[in-house]
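Protein chains in written order, with our numbering: chain A, 10 to 1026; chain B, 560 to 717.
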Amino acid sequence: MEITLNVNGKDKIFQVTPGDTLLKVLRREGYLGAKHGCEDGSCGACTVLVDGVARTSCTMLAVQAAGARITTIEALAGISKEGEGPVVGWRGNVELHPLQRAFVETGAIQCGYCTPAMILAAKALLDREPNPTAEQVRDALSGVLCRCTGYVKPVQAVLQAAAILCGERVPPLAEEPGEGAEWTSPSDQTHWPPEQVLPLFDRESPTNATEGPLPVTQGTVQTSAPPTLVAATHRETWHVVGKPEPKVDAVKLAQGRPVFAGDLQLRGMLVAKLLRSPYPHARIRRIDASKARSLPGVHAVLTFEDVPRVVYSTAGQSHPIPGPLDRVSFDNKVRFVGDRVAAVAAESEEIAEEALRLIEVEYEILPAILDVRQALDNPVIIHDEPDYVGFDHSDPQRNLAAQLHIELGDVDAAMQRADRIFEAEYTVPRVQQAPIEPYVCITYWDEDDRLTFYTSTQVPFHIRRILSPVLGLPVRRMRVIKPRIGGGFGNKQEVMIEDACAHLTIATGRPVKMEYTREEQFVSSTTRHAMIIRLRTGVTHDGRIVAQEMRVLSDTGAYGNHALTVTGNTAHKSLSLYNVPNIRFHGDVVYTNLPTAGAYRGYGVPQGFWAVETHMEWICREMGWDPLEFRLKNAVKAGDEHPMSKAWSEGRAPNPEIIQTCALAEAAQLGATRFSFRSAPEGKDYHIVPGKPHLRRGHGVALVMQGTAIPYLDMGAASIKMNDDGSFNLLIGATDLGTGSDTVIAQMVAEVLGCRLEDVIVYSSDTDMTPFDKGAYASSTTYISGGAAVRAAEQVAAQIRERAALIFNAGQSSQARVVKAEDIELHNRCAWAPDGRSLTLQEIALHALHTQDQRQIMGISSFVSPVSPPPFAAQFAEVTVDIETGQVTVERLLMALDCGVIVNPATASGQVEGGMTQALGYAVSEEMVFDANGRMLNPRFGDYHIFSADEMPEMQVLFVPTYEPSHPFGVKAVAEIPLDGVAPAVGNAVVDAVGVLIRDIPLTPEKVWRALRKAGA
Amino acid sequence: MPSRIVAFNLNGRDVEVMVKPLTTLQTVLREHLHLTATKSGCRQGGCGTCTVLVNGEPMLSCLLPVEDIAGQKVVTLEGITPIEGLHPIQQAFFDNYAIQCGYCSPGVIMVIKALLDRNPNPTRQEIMDAIAGNVCRCTGYEPILRAAEDAARRLQSA
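This is the structure we're talking about:
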């Protein structure tokens, strides 16, 4: 049928079917700023304005919108002579709406997938309420879920835009940081006493006494805890590194441009759908796809009968994969509810879905293992296939995907000497990364019959290598491109759907697009490993930990991707924080008939620290010890050997490492002061909430550490070439997931080359065009890929200096002072001779390319590290517990971190805020729940609760930087550590509030209420 | 004037297209059906790169209103290209370096296909006459003539 819709002020005629949603029609017609994140209006990524009201276009039929005014993100941006955005030739510059500009400038955009929806929801608010409170902003944004930012900066952006639209002057974010203290050597760790704190954005700071900050404190919700940077993060001579530069991809994301994999539209593209198993464990006795194949519009149906059987691992890791090869593209056996049975490619989604219904499958239902404690040595064997390839200690006959055992010192003897031994069991649930963009992949044959993948992935290079045998295609016949991606968080460190999509393109010769629904994203991608952790700790009366023993039972689900390495990381990080000479770790990673676990930001460490840091609280309470003093007394320090480094390295030979930098004690002390940890003004009892006798307040702390990349393994590379105008093309294999790695790497390059960030044109993640990079995981990109880019930039800088010296010295008589290349400095887009003469980078580039001894100024380099310098952090939490209902409300979170030098405080604090928000869900609300048949009961947002803007606690980030000597800019990782401490800090705050210690998360009202009743009884 | 539906057989499959009057076959192939092997060089019948076969005869698709071929059989380069590998004429072009920029090749190949279908063993002059309507700016035609002779040999020995 034909309908007229008014889109962005113009009436247009659309051909629709009665069942078409507004989202489908808008996207089909090229309004690609509205995104698919779910199918039931719960994520809000598809929000558009209908008659000025924010509505989810996925739950609205196109015919319902007939006659209404529809506004999409495309309406907001224009081009004009007055525009301030990127230049677009003679027409002027990109002109952004004040909301878009504010989102760009405040760092409110990470992956950018929910950004168009947020901006439109905010626009609807500002159109009716020009001067909103922070609470109103949070309310307006509450229908749009964001998994990256933690909402701090989006709320700040909306308030800033409101102020600008009201005519207020708003100071830029990029205030000059405080005095740049020179870095001291790593052995001299005392770079600041707390009174030298130099806040970067703190509105109370006298150094930032411009107009009062953004109108952020109105309303009852404390919105903005601007990231506070402590101590100087940069040398005085740094101009780009250390600054909160807007992300290089922020403008296009704010405009809602079609930059994600699902936005690509190709001629003749087919839609792919998967038939998934309804049973947790079954053998396919018979499968008949003939009816499906004969349905008009169906181009291919693939089952195990059609595709060669090649075992592989979906884990996106370096060669050789440190885990079992236990997966094939299509199998005659299914191992969990949601496991893949068949794939269809058809001319439309509706035809593909109808084809799925026509596939006849006869299952022989097998007994299933749904309880992780029953898995080991169960007579039911989940992987009985003969072509299973084990790794290390995996044993499919025992349902054992991986096993590891580590002994350091003599635990048994040390336990004998201990004055008290504490032993308890902790459990952590299966949770999902839940990026707002579900898995989406497009495959097509390019004009040279090379198979091209345009896919939402963290590991483009690993995909190519891993799929080569699976598809029977040499690596050189494949190209993998990662466009912008709508969040990954480890979920997309996997070869999850690319194989099926590629098989369909091979079968049909046509471009094929496969996109997960939200339910598929929950069930048929990956999750965090659920674990049962038994921890035994021996302490002496003088407050020393003398021995630790951890036994982990980890549930890898139906397949063993990341099974060994996640659990190894649990040991490697959570048992290294305290410098205990005697450590025993045993991990059994078992198969069950539940969805597959994999990589999730933190990679086993949040599980470990839930146990360790809850355990430490228990010990302190039993022994009457101060929680910070006891922890810091036992924690590792700079100069110590990394305890686990001599025992474990991702299943490879370990290499002992010395920890060079550690400001954990300073972070903990500073954090405690800023947080008013377990204290209240004027000596009041902070446990009491005035006027609310049913509420009890509590404070909790947890100390945590992570790592930075995998030593001797993770490699990233970069190449840089100089252009005629003195700009540079930076090509990196590194994979920006929205984290900002393209930006921070370009900042480091700009610093070395003495140019501005805008002079560095970043192109990343394309296996044809960019050098290798292992991908975005293990907290490595700024350190590894950034290190490679710095080295390449140093080569380029040396060539620029040589060229400049050539020009400076041309025509000089032999008596004249000769300028030496090494004396030339690069800054302000110029090369400066010691005598004060200068040449612009453009002059140098033109000379090199066109004038004399012509050559291309360019560099290429790689970076691999012999060490994995740990970042450290202290996490503080304040909760109120309702003793009548068991409701735990997290009021405040503060994380004080030593992540080395902070290259970009806006993106780094954004990582911490967003990470803490994911960890907050882990602490109190997130859990995948299954029925007795292994079917997930809550595979949708809402039932699976991730935090929305109006539910957030106040969050503060405090960086306490050190200078890590193994990296040219002294950086350490920031991405994963924010996931580690929130759950135990919240749990410890609950103990502090009401005296009950709960050993399994999430801390749901029911669980807390039951514990309170039990304690009261 | 209103659009109307035109049905014809394309590369062995019946197709229907909804077109405005005087829409050329070339536009239908390239814009409506996204079959882009058929090229557009002049849109005035002067270059031959848009040549397709209609009922086995080479025709300039840029001058042909699609209504005029209703119900007839059209074959384009896509229609003679096998799923794997190349048609013998294509292979001969490849082996004899008859392709430089490649823009005229689809039209030339269709003309030679028509020629060899009715005259499996043409003389050099007959080939030259056949491709007289196809302009090539790269090769100087000699490699094309060699390719056509080679293709004739291959097809006869096959």
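Each residue gets a CB set at the ideal place from its N, CA and C atoms; glycine is no exception.
Proximity to residue i [Cα-Cα], best of the options
i	options	result
residue 921 of chain A	A:903, A:401, A:277, A:314	A:903
residue 423 of chain A	A:128, A:735, A:591	A:591
residue 606 of chain B	B:704, B:637, B:667, B:709	B:667
residue 563 of chain A	A:552, A:530, A:601	A:601
residue 290 of chain A	A:374, A:327, A:363	A:374
residue 711 of chain B	B:569, B:565, B:566, B:683	B:683
residue 938 of chain A	A:953, A:365, A:546, A:363	A:953
residue 1100 of chain A	A:709, A:790, A:405	Coverage of chain A is limited to positions 10 through 1026, which leaves residue 1100 of chain A absent and any answer about it impossible.
residue 651 of chain B	B:635, B:576, B:708, B:629	B:708
residue 2 of chain A	A:1005, A:942, A:972	Any question about residue 2 of chain A goes unanswered here, given that chain A covers just 10 to 1026.
residue 688 of chain B	B:671, B:560, B:591	B:671
Residues near residue i in its chain [Cβ-Cβ closer than 7 Å; skip 5 each side]
i	result
residue 818 of chain A	827, 828
residue 957 of chain A	151, 154
residue 496 of chain A	120, 122, 156, 157, 444, 445, 446, 746, 747
residue 694 of chain B	606, 607, 663
residue 777 of chain A	488
Cutoff 6 Å; reference residue i; Cβ partners in own chain excluding five residues on either side
i	result
residue 246 of chain A	none
residue 622 of chain A	711, 993
residue 659 of chain B	697, 698
residue 732 of chain A	none
residue 411 of chain A	403, 572, 573, 598
residue 126 of chain A	53, 54, 56, 153
residue 319 of chain A	478, 479
residue 309 of chain A	354, 513, 516, 517
residue 666 of chain A	651, 654, 876
Which residues DSSP lists as bridging residue i, in chain order
i	result
residue 603 of chain A	In the DSSP output, where bridge partners are listed per residue, residue 603 of chain A has none listed.
residue 384 of chain A	Paired residues: none, contrary to the question.
residue 541 of chain A	A:436, A:562
residue 450 of chain A	A:464, A:523
residue 19 of chain A	A:16
residue 577 of chain B	B:564
residue 745 of chain A	Partner(s): none; residue 745 of chain A has no beta bridge.
residue 1009 of chain A	A:436
residue 487 of chain A	A:460
residue 595 of chain A	A:414, A:560
Range of the contiguous alpha helix (DSSP H) that encloses residue i
i	result
residue 128 of chain A	124-137
residue 1016 of chain A	1014-1025
residue 515 of chain A	507-517
residue 472 of chain A	469-480
residue 816 of chain A	795-818
Contact set for residue i: own chain, Cβ-Cβ below 8 Å, skip 5 residues either direction
i	result
residue 599 of chain B	585, 589, 608, 609, 621
residue 584 of chain A	557, 559, 592, 594, 617, 621, 652, 653
residue 1019 of chain A	895
residue 399 of chain A	333, 405
residue 294 of chain A	371, 372, 373
Residue range of the beta strand (DSSP E) that includes residue i
i	result
residue 373 of chain A	369-374
residue 965 of chain A	963-968
residue 771 of chain A	769-773
residue 708 of chain A	704-714
residue 349 of chain A	349-355
residue 503 of chain A	No beta strand (DSSP E) holds residue 503 of chain A; DSSP gives it neither H nor E.
Chain E contact for residue i (CB, 8 Å cutoff)
i	result
residue 339 of chain A	Although the question refers to chain E, the structure presented lacks it and instead comprises the protein chains A and B.
Ranges of the beta strand (DSSP E) found wholly within the region 831-893 of chain A, counting only runs of at least 3: 834-836, 839-841, 847-849, 867-873, 881-891
Contiguous alpha helix (DSSP H) assignments of at least 4 residues, all confined to the region 976-1005 of chain A: 991-1003
In chain order, each alpha helix (DSSP H) run of at least 4 residues that lies wholly inside the region 267-346 of chain A: 299-303
Entirely enclosed beta strand (DSSP E) segments - the region 34-100 of chain A, minimum 3 residues: 56-59, 62-65, 78-80, 87-89
Residue ranges of each alpha helix (DSSP H) within the region 591-648 of chain B, 4 or longer: 636-639
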